[in-house]
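I have placed the structure first, in the form of structure tokens, so that the comments after it can refer back to it.
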Amino acid sequence: MEYEVIVVGGGHAGCEAALACARKGHKTLLVTGNINNIADMPCNPSIGGSAKGIVVREIDALGGEMGNNADKSLLQIKMLNTAKGPAVRSLRAQADKITYPKNMLKTLESTDNLDIQEALVKDVLTPDNKVSGVLLEAGEVIKTKAVILTTGTYMNADIMVGDTRHREGPHGEKPSNYLSDNLAKKGFIIKRLKTGTPPRIAKDSIDFSEAKREDGDSVYHTFSFDNEPMYDIDKQVPCYLIYTNNETHKIIRDNLNKSSMYGGLSDIKGVGPRYCPSIEDKIVRFSDKERHQLFLEPESLYYDDIYLQGFSTSMPYDVQEKMVHSLPGLEKAKILKYAYAIEYDAIYPTQLKFNLETKLIENLFTAGQINGTSGYEEAACQGLMAGINACLKLEGKEPFILRRDEAYIGVLIDDLITKGIRDPYRLLTSRAEYRLLLRTDNADLRLREYGHKFGLVSDEKYESFLNKKENIEKAILEFKEKRLTPKNNDYLETLGTKLLKDGVSLYDLLRRPEIKVEDLTKFLDNEYDSEVLEQVSISAKYEGYINKSLREAEKLKHLENKKIPEDIDYDEMHNLASEAKQKLKEVRPLTIGQAMRISGVNPADISILTMYMKRG
Amino acid sequence: MDDTIAAISTAQGVGAISIIRVSGTDAIKIVSKIFSNKKFLGAPSHTIHYGYIMDGDERIDEVLVTIMRAPKTFTKEDIVEINAHGGIMTTDKILELLLFNGCRLAEPGEFTKRAFLNGRIDLTEAEGVMDLINSKTDISRKIALNQVGGKVSSMISDLRDELAGIIANIEVNIDYPEYEDIEEMTIEKINSNLSELESKIDKILKESKNGEILTNGIKTAIVGKPNVGKSSLLNRLIGEDKAIVTDIQGTTRDSVEATLRIDNLILNLIDTAGIRKTEDVVESIGVDKSLKLIDEADVILFVVNYNEKLSHDDLVILDKLKDKNYITIVNKTDLDKKIDDDKLSNVVYVSALNDDNIDEIGNKIKKLFDLEKIETTDLTYLTSARSVAILRKVLDSVKAVRKGIEENYPIDMVEIDLKDIWNLLGEIIGESYDEELLDQLFSRFCVGK
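Protein chains in written order, with the working numbering: chain W, 7 to 622; chain X, 603 to 1051.
See the structure below:
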């Protein structure tokens, strides 16, 4: 059997990669250690969150699956940051850990050109530094033109609890024991990372009476631009908020040296994420805090586990019991799965090109946690991009690269390959300089065009998108043309806004903070749906700020157009500071814009670089 | 290469005129914003135009402006050269106006660099410049730091840290909205922090005075009662070619009338009229005028007579000098000593007549401002204008934040301007955005799964 693309790993990156390739008409094989574990959510039972929710919308706009699949599997959903401004709004959903993977598997199985095989990959065959196939642990060779590695946390995975360490993937799955070493042999720099997960508690052993209930929104949301809501707003499942207390903190402090990370194990190499500290980290680093917030989150309608968000730990089981029982309402809690820390291998991401192909091996792509990221959404968007780019490569076409001002996906990939990582990378709104442009509401306006161009968004969906776009333009025009006069002052008075002396366009009125777009629709000739009106409103109210961001982005574009020759020899530039030289050689930036973002490369080095380029 | 750069092309303070050169796409447009001659914008290439440099309605200087349109120029870009009167204050002010209106301060060697990049000069020439750029960048960085002074630099650094705290707080509210325990950064808190920021920037502008003094010159007054030798001292200080005098009344903000160079020190003498034009009426400047001048000056040269006891008038002036930077110049050491000098401090004994010990005056002034350790080069002068321009931009952004708050913009918009301020402050002390903010975020707030 011979394939065009083999995707190694069936997590969120692997699913998107495999679907993208197959949907683009390339014969694709997805190799996974366990078919029942496809699109598994080994950690929190949620999709989206700040910044991440916007990524899900971007994936959807490009024709990926995560948003659609999440819409089918919701337990509850809400829009975050509604009061903090349009740029930082983001959807967050609790997703059912049984339904989500099941729906994804169904989609994979019903996709043409896509086979799924249960196996572990031992090595990628790369004669002449170009992919020719994969070698399975069972000894079989499968030929292929391109490979996308989406191995998640499975490469040389070690589960750590207290003073024990054993080689195992999440959920007791088989780890990948050979692939990482074989990649190292090909010259890849491997980085050891660490993460962890909290305990799961039996729902009926928890007394929720003292916990604060957290419900989903009372308006409908969907991740996908094409979906109608598929859930009942009144049947959303609540989460609960509780706090740790002195007792919990004392137990942790008294047993600190038993935690794998605080002395239980002496051979910790992995670097844990700054943004996901374990509960012992929090107690140690924020010793003056009297309590820490914990969320009780339902994992599924089909089983009883409650995910104890905020309580990730690598304490031994007996200490975990004590810790959990010290929590309010959890005095009699039954732990169904204990918390653990996991160490795994990733490849250092500066070894990648912008299309997520490795610099060392042609047609070898990597996506997801193997690239040092964390989170389902970060993984999925890389999978999608790697999938699209693997196909473009096979088709002999230009790579698909998103800029930092186009998508969070662009920010993420640029950060990875330009700056590298210190700890597992999580997307945050603060990482995006142009976040006012990268909103949840305009992900389709930013990216649908690409999705259609690459054949992942159907003509029908594209038509409806074009229609929406046209309506937005029409609506903005109408708002600018229609004017209110002092005759309308009676109505304006009811809105509590300043009265008019002259005629003013609806668009200008909309700029006033106290005026909502719905207040003005009655003066329009045409009817527009709420998505269209939202665009009009954002464009009117935030025009100044948006234009400022656009100007900044324009500067960036200019710098990104200044290409650095691929064969440039940094050793010949004697005037470069040595740190800059080393970083430039490592990253090999494609453009002056990218070079400027490398830490340790300062403006003087950039001057020297540009002068040298002119000489060549 | 797409921005428009400006710099002072002539050596500072020496020479009857100074030239400020502007190069880049917007050179003509930017200069036209501050130039009174309205025909300038459409003027043909390689022509010279007369008019005033304006700061709003205020005339800064009477100038001749040369317009040279691309490509037949040194950099092959549009170039404008402003020929101004040579006073430090005026020249600096013009540069500041250019920077404020959209020019970027040229890096050392940047005009030459552009000339090379645009194919105007060849590589051998350019490589010479390259070394210069390299060596000068390090110096300029050092000077930028020296210039604002260790103390000011650490003040800016502190301000920036405080701001980072606010920004990190906003970010954590955005990225971890479910954390109810984390304090919400509110508009009120931002507002009170802004006021503090503003007043601290004012303070910094004052604190950086010392650096500015070094680079822009020291406002100096010569005072003393009649007949102590102010006039001859001035003439001795001015010498034949040591000083230049500009006399453009009403066109400068300050009443600087002569610029005097002693070693690397620039003294901007204020109101010398009373002293210089006094061949008949000997030193018409007297005690009343002296008292007034003392208020205006950064440093006062208080002249007394070696050959006389201190008079009541001397003591009145001395009392006024208590809280000022001043040097007592005991003149006429060529005569017999009669002065009771135990009441004096910061004393230099000179004889203007015999040109004796005049140089010591410069040394004393340097000590007074603790300037001895700071090297003066043309670079410090530029960075000073740069820092001032940036701080002005900071105040603009502060206003933008205020406006955003007033108009009820949500916090994610307001934060854009806050980040601007943070970045600008970083520019002054040579630090830029990296992972800094994220480190702040995760070291100050406890969040995670």
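Beta carbons are placed, not taken as given, at the ideal position from N, Cα and C, and that holds for glycine. Just so it is clear, the structure is predicted and the values come from calculations on it, not from any experiment.
Item to complete: Please go through the same chain and pick out, in chain order, the residues whose beta-carbon is closer than 8 Å to the beta-carbon of Phe406 (chain W), but skip the five residues on each side of it.
Response: Asn361, Met391, Ile394, Asn395, Leu398, Tyr456 and Phe460
Worksheet item: Run through DSSP, which three-state label would Asp287 (chain W) get?
Response: helix
Item to complete: Check each candidate in W:Ser545, W:Lys218, W:Leu199 and W:Ile419 and name the one with the smallest Cα separation from Glu479 (chain W).
Response: W:Ser545
Practice prompt. Answer with buried or exposed for Thr726 (chain X), where buried requires no fewer than 16 other C-beta atoms within 10 angstroms of its C-beta.
Written response: Confidence in Thr726 (chain X) is poor, its pLDDT being 45 and thus under 50, which makes the residue's placement too unreliable to answer from.
Worksheet item: Leaving out the 5 sequence neighbours to the left and right, which residues in its chain are closer than 7 Å to Asp525 (chain W) when beta-carbon positions are compared?
Response: Leu501
Discussion item. Distance check for Lys425 (chain W) and Met602 (chain W), CA to CA, integer angstroms please.
Written reply: 11 Å
Worksheet item: Going by the CB atoms, is the gap between Leu418 (chain W) and Arg437 (chain W) shorter than 9 Å?
Response: yes
Fill in: Segment limits, beta strand (DSSP E) that includes Gly457 (chain W)
It is not in any beta strand (DSSP E) - Gly457 (chain W) instead sits in the alpha helix (DSSP H) that spans Ala449 to Lys459.
Fill in: For Phe652 (chain X), three-class secondary structure by DSSP
The sequence given here places Tyr at residue 652 (chain X); Phe does not occur at that position. In this structure, Tyr652 (chain X) counts as strand in the three-state DSSP scheme.
Worksheet item: Per DSSP, what kind of secondary structure is Lys197 (chain W) in: helix, strand or coil?
Response: strand
Practice prompt. Please state whether DSSP places Thr435 (chain W) in a helix, a strand or coil.
Written response: helix
Item to complete: Give the range of the beta strand (DSSP E) segment to which His177 (chain W) is assigned.
Response: Counting along the chain, His177 (chain W) falls outside any beta strand (DSSP E), and DSSP gives it neither H nor E.
Worksheet item: Is there a Cβ from chain X that is less than 9 Å from the Cβ of His227 (chain W)?
Response: no
Worksheet entry | Contact list for the segment 1009–1021 of chain X against chain W, Cβ threshold 7 Å | Glu1009, Asn1010, Pro1012, Ile1013, Asp1014, Met1015 and Ile1018
Discussion item. Can you tell me whether Cys27 (chain W) is helix, strand or coil according to DSSP?
Written reply: helix
Fill in: Burial state of Val330 (chain W) (16 or more Cβ within 10 Å)
buried
Worksheet item: Considering only residues of the same chain and omitting the five flanking positions on each side of Thr435 (chain W), which have a CB-CB separation below 7 Å?
Response: Ser56, Ala57, Val94 and Arg441
Practice prompt. Compare the C-beta of His298 (chain W) with all C-beta atoms of chain X and state if any pair is closer than 9 Å.
Written response: yes
Discussion item. Cutting at 6 Å between CB atoms, please list the residues of its own chain near Val884 (chain X), excluding the five before and the five after it.
Written reply: Unreliable positioning characterises Val884 (chain X) in this predicted model, as indicated by a pLDDT of 38, which lies under 50. The coordinate reading is nonetheless provided below. Around Val884 (chain X): no qualifying Cβ.
Worksheet item: Taking Cβ-Cβ distances below 7 Å as the criterion, which residues of the segment 559–580 of chain W are in contact with chain X?
Response: His564
Practice prompt. Name the one or two DSSP bridge partners that Ile636 (chain X) has.
Written response: Per DSSP, none; premise fails for Ile636 (chain X).
Item to complete: Taking only beta carbons into account, state which residues of the segment 185–202 of chain W come closer than 7 Å to chain X, listed in chain order.
Response: none
Worksheet entry | Touch test, the segment 279–291 of chain W against the segment 443–450 of chain W, Cβ-Cβ under 8 Å, three pairs minimum | no
Worksheet entry | Every unbroken alpha helix (DSSP H) inside the segment 538–618 of chain W [4 residues or more] | 549–566, 584–593 and 598–603
Discussion item. Counting C-beta neighbours from all protein chains within 10 Å, is the total for Thr606 (chain X) 16 or more, i.e. buried, or is it exposed?
Written reply: buried
Practice prompt. Go ahead and pull the three-state DSSP assignment for Phe904 (chain X).
Written response: strand
Worksheet entry | Distance, Ser605 (chain W) Cα to Ile165 (chain W) Cα | 34 Å
Item to complete: May I ask which residues mark the beginning and end of the beta strand (DSSP E) holding Met670 (chain X)?
Response: Glu660 to Met670
Worksheet item: If you pair each beta-carbon of the segment 313–322 of chain W with each one of the segment 295–305 of chain W, do three or more pairs fall below 8 Å?
Response: yes
Practice prompt. Mind reading off the beta-carbon distance from Ala481 (chain W) to Val538 (chain W)? Whole number of angstroms is fine, and I expect it under 8 Å.
Written response: 5 Å
Worksheet item: Is the CB of Glu773 (chain X) under 9 Å away from at least one CB in chain W?
Response: yes
Worksheet item: Would DSSP call Cys21 (chain W) helix, strand or coil?
Response: helix
Practice prompt. Please check if any C-beta of chain W sits within less than 9 Å of the C-beta of Tyr652 (chain X).
Written response: no
Item to complete: Compare the C-beta of Ala93 (chain W) against all C-beta atoms of chain X and say whether one is closer than 9 Å.
Response: yes
Practice prompt. Indicate whether Gln299 (chain W) and Asp783 (chain X) have their beta-carbon atoms separated by less than 9 Å.
Written response: yes
Worksheet item: How long is the line joining the alpha carbons of Glu22 (chain W) and Thr228 (chain W), rounded to whole angstroms?
Response: 19 Å
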